[in-house]
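Peer 1: Its first residue numbered 1, the sequence shown is counted upward by one per residue in UniProt numbering.
This structure is in structure tokens; I'll ask about it shortly.
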Amino acid sequence: MEIKPGKYRHFKGNEYEVLGVGLHSETLEEMVVYRALYGDRGLWVRPAAMWNEMVEKDGEKITRFSYIGE
């Protein structure tokens, strides 16, 4: 699944802005670069495979992050 820049909502409710997808310098694993849209607006990275994985919430399988717009 493509990870495009823009705003996403984590399945626990917080919102984030994806700045882009980069590569890990050693392993070449795709990493999502994103910023929290709350609190100190920290900058984070997460493996793209983890970004796109399904999680379980209230007995239902949903995506970890859902795209909500630009």
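The beta carbon of each residue, even a glycine, is placed where N, CA and C say it ideally should be.
Remember, it's a predicted structure, so these values are computed and weren't measured experimentally.
Rounded C-beta distance between glutamate 15 and leucine 37? I'm assuming under 8 Å.
Peer 2: That belief holds up - the Cβ atoms of glutamate 15 and leucine 37 are roughly 4 Å apart, short of 8 Å.
Peer 1: With respect to the beta strand (DSSP E) encompassing methionine 54, which residues constitute its N-terminal and C-terminal limits?
Peer 2: Run containing methionine 54: 54–57, per the beta strand (DSSP E) assignment.
Peer 1: List, from N- to C-terminal side, the alpha helix (DSSP H) runs of 4 residues or more that fit wholly inside the UniProt domain "DUF1653" (6–66).
Peer 2: Segments of the alpha helix (DSSP H) lying fully in the UniProt domain "DUF1653" (6–66): 48–51.
Peer 1: Is DSSP giving isoleucine 3 helix, strand or coil here?
Peer 2: In the structure shown, isoleucine 3 sits in coil (DSSP, three-state: anything other than H, G, I, E or B).
Peer 1: Whose C-beta lies closer than 7 Å to the C-beta of residue 71 among residues of the same chain, with five residues either side of it excluded?
Peer 2: A question about residue 71 goes unanswered here, because the residues of the chain that appear run from 1 up to 70.
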